[in-house]
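Engineer: Okay, here's the structure, questions in a sec.
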Amino acid sequence: MEEVVTLVSEYFRVVELKIIDYVESARIKVESDRVLRESPELASRTLSFVDSTMASVEAQSRSLLEIRTYRTSLGEWISRS
């Protein structure tokens, strides 16, 4: 068990997820699966929740400003609907 902890802590960035992170990961998965279904070559594929979570975390680390802007825009769009 100690070897696993060492491997993960040395080779991966470990982050603590918040509820909003799970929501964003689910949004990425749903949207990605929709796009995949529309492609004849990829229709049988789906994005794993792990991959969508990694994409969400990576997007946050790259540009928190863009994510905040997106969430604000999304919130405004939802409130208008």
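For the sequence shown, the positions run 1 to 81 when the working numbering is used. C-beta atoms are modelled at their ideal positions from N, C-alpha and C, and glycine is treated no differently.
Would you tell me roughly how many angstroms separate the C-alpha atoms of Val-35 and Ile-19, rounded to the nearest one?
Structural biologist: Cα-Cα distance, rounded: 25 angstroms.
Engineer: Please classify Thr-53: is it buried, with 16 or more other beta-carbons within 10 angstroms of its beta-carbon, or exposed?
Structural biologist: buried
Engineer: For the putative contact between Ser-48 and Ile-28, defined by C-beta atoms under 8 angstroms, what is the C-beta separation to the nearest angstrom?
Structural biologist: Contact flag wrong, Cβ pair sits at about 11 angstroms.
Engineer: Using the C-alpha atoms, what's the distance from Asp-21 back to Val-4?
Structural biologist: 25 angstroms
Engineer: Under 9 angstroms, do Val-8 and Val-14 count as touching if we go by C-beta distance?
Structural biologist: yes
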